[in-house]
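For reference, the structure discussed in these notes is given below.
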Amino acid sequence: MEQTLLDSIPSLDLADFTSGDDARKNKFVQDLGAAFNTIGFVAIKNHGLSDELREKLYAAVQKFFYQPDENKTKYEFPELLGQRGYVGKGKETAKGFTKPDLKEFYHVGQPVVEGNMPSNIFPAEVPEFEQYTTEVYKTFENTGKTLLRAIALYLGLSEDFFEEKVRNGDSILRALHYFPIENPDALPEGAVRAAAHGDINLITLLMGASADGLEVLRLDGKWIAVTALPEQIVINVGDMLDRLTNHKLKSTIHRVVNPPREKMKTSRFSIPFFMHPRGDMDLTCLESCIDAENPRRYENMTAGEFLAERLRELGFKK
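Quick note: the sequence shown, position 3, residue 3 per full-length UniProt numbering, numbers continuous.
So, in structure tokens, the structure goes:
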């Protein structure tokens, strides 16, 4: 079982968890936990996102990014620390790296703002962008909540442990464009579409990308390609869940490599949903995940404090 997990990411059916059949539900919980214990990634079907909605979303996203840069930069507001609207090329550098990633992206947050949360910004040139990003945001937020119920049961917590913690949380839908590399010879050494990193959040939900390139770091240090069937989405553990569980559930390092030279002048699009809790969630390691063999790894902090720390590391916050 473990070797299979290491060679490829396992596939699960979310319908098993919601079936009403205790045996199927319990097996899903254990299989999900086993995957997150080892490789940190899993492919899920019956996730609630229709093919039609996915296709309409990608069409709207591509329409936005294929515009001239001057149209896109109208929606870039540095004071929002990259949390809403457009973030231009060369603006994000992975933690521990010096070359910025070869990408540009657009962030959409909660449709209904609460407290100090910034409002969403939508491009007037692509009116359907708002409709489809908002619809997918709501879909993936619900799917994420279902997955967090399964994770809570795996950890021996009450099924609704995460419910209030993620209610109107700081989750973000990121529409990503890995732009064409027009002159491969002029590429700075070490510049890649997305350098090796772990996600900040609790869990990430990722629909199929428009091209290959995503790789995860296996336990033995080997990189393996992540591929999912068209009807699947890919789920992975983020750093916040890793902290909460004292590395029992693993935030696996992943990256997006540059395409082969003959495909460098093509675009790659990807749309992850980063499931965040509210900023006041306590990320103190669960006592049940600490023992003599696994002493506490992380200092106590809230989700908001951790997010602020990572935004500084990514270069968005002073």
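Every residue, glycine too, gets a C-beta built ideally from N, C-alpha and C.
Apply the 10 Å Cβ neighbour rule to residue i and answer buried if 16 or more other Cβ atoms are within range, or exposed otherwise.
{"i": "R296", "result": "exposed"}
{"i": "Q232", "result": "buried"}
{"i": "V234", "result": "buried"}
{"i": "T245", "result": "buried"}
{"i": "Y58", "result": "buried"}
{"i": "T4", "result": "Only weak support is given to the placement of T4: the predicted model assigns it a pLDDT of 40, under 50, and the value that follows is read from those uncertain coordinates. Counting Cβ neighbours within 10 Å, T4 comes out exposed, since fewer than 16 surround it."}
{"i": "A225", "result": "exposed"}
{"i": "E2", "result": "In this prediction, E2 has a pLDDT of 38, which is less than 50 and means its spatial position is unreliable; nothing more can be read from the coordinates."}
{"i": "A23", "result": "exposed"}
{"i": "G40", "result": "buried"}
{"i": "G20", "result": "exposed"}
{"i": "V113", "result": "exposed"}
{"i": "N294", "result": "exposed"}
{"i": "R312", "result": "exposed"}
{"i": "N236", "result": "buried"}
{"i": "E79", "result": "exposed"}
{"i": "D185", "result": "exposed"}
{"i": "P272", "result": "buried"}
{"i": "P259", "result": "buried"}
{"i": "D51", "result": "exposed"}
{"i": "G82", "result": "buried"}
{"i": "G115", "result": "exposed"}
{"i": "D31", "result": "buried"}
Give me, in chain order, the residues of the same chain whose beta-carbon lies closer than 7 angstroms to that of residue i; leave out the 5 immediate sequence neighbours on both sides.
{"i": "G190", "result": "K99"}
{"i": "D291", "result": "none"}
{"i": "A228", "result": "A43, G208, V234"}
{"i": "P230", "result": "G208"}
{"i": "K63", "result": "V126"}
Can you find the residues in the same chain that come closer than 8 angstroms, C-beta to C-beta, to residue i, ignoring five residues on each side of it along the sequence?
{"i": "K265", "result": "P180, I181, E182"}
{"i": "G198", "result": "G238, D239, D242, S251, T252, I253, H254"}
{"i": "residue 325", "result": "Here the chain has residues from 1 to 318 only, and residue 325 is not among them."}
{"i": "T93", "result": "K99, P100, D101, A195, L314, G315"}
{"i": "L49", "result": "V136, T139, F140, T143, M207, I233"}
{"i": "F162", "result": "K145, L148, R149, I151, A152, L202, P277"}
{"i": "L76", "result": "Reading off the sequence, residue 76 comes out as Glu, not Leu. For E76, where only same-chain residues beyond five positions count, the Cβ hits under 8 angstroms are G85, Y86, V87, G88."}
{"i": "K27", "result": "D16"}
Since residue i contacts residue j with CB under 8 angstroms, what's their CB separation in whole angstroms?
{"i": "R255", "j": "A194", "result": "6 angstroms"}
{"i": "L217", "j": "I253", "result": "4 angstroms"}
{"i": "V136", "j": "N120", "result": "The Cβ separation is near 13 angstroms, so there is no contact."}
{"i": "A155", "j": "S288", "result": "The sequence shown places Leu at residue 155, rather than the Ala named in the question. Correct: roughly 7 angstroms between the Cβ atoms."}
{"i": "A60", "j": "Y132", "result": "5 angstroms"}
{"i": "V166", "j": "K145", "result": "6 angstroms"}
{"i": "E128", "j": "Q67", "result": "So it is not a contact: roughly 14 angstroms between Cβ atoms."}
{"i": "R149", "j": "E164", "result": "Actually they are not in contact, since the Cβ atoms of R149 and E164 sit about 13 angstroms apart, beyond 8 angstroms."}
{"i": "K103", "j": "Y86", "result": "The Cβ separation is near 12 angstroms, so there is no contact."}
Cα-Cα, which of the options is closest to residue i?
{"i": "T134", "options": "P118, A186, Y154, P111", "result": "P111"}
{"i": "I203", "options": "L249, V216, P230", "result": "L249"}
{"i": "K222", "options": "A124, I44, A196", "result": "A196"}
{"i": "I44", "options": "L153, K103, P10", "result": "P10"}
{"i": "E309", "options": "E125, K95, V126, F64", "result": "K95"}
{"i": "M207", "options": "A152, F269, L187", "result": "F269"}
{"i": "L286", "options": "H247, G304, F273, F64", "result": "H247"}
{"i": "N37", "options": "P123, L219, G90", "result": "L219"}
{"i": "D282", "options": "F65, G304, G48", "result": "G304"}
{"i": "S8", "options": "F28, A35, D212, K25", "result": "A35"}
{"i": "P118", "options": "L157, F97, N168", "result": "N168"}
Counting contacts by CB-CB distance shorter than 9 angstroms, is residue i in contact with chain C?
{"i": "N26", "result": "Annotation note: the requested chain C is absent from the structure, which comprises a single protein chain."}
Leaving aside the five residues before and after residue i along the sequence, list all residues of the same chain whose C-beta is less than 6 angstroms from its C-beta, in chain order.
{"i": "N46", "result": "D13, L14, A15"}
{"i": "T284", "result": "N300"}
{"i": "Y106", "result": "Y86, A175"}
{"i": "E130", "result": "F122"}
{"i": "G90", "result": "P100"}
{"i": "P188", "result": "K99"}
{"i": "K56", "result": "Y132"}
Complete beta strand (DSSP E) runs within the stretch 37-124 (minimum length 3 residues, chain order): 41-45, 85-87, 104-108
Runs of 4 residues minimum, wholly inside the stretch 123-197: which ones carry the alpha helix (DSSP H) assignment? 128-154, 163-166
Just list the alpha helix (DSSP H) runs in the stretch 237-287, keeping only unbroken ones of 4 residues or longer that don't cross its boundaries, in chain order. 239-244
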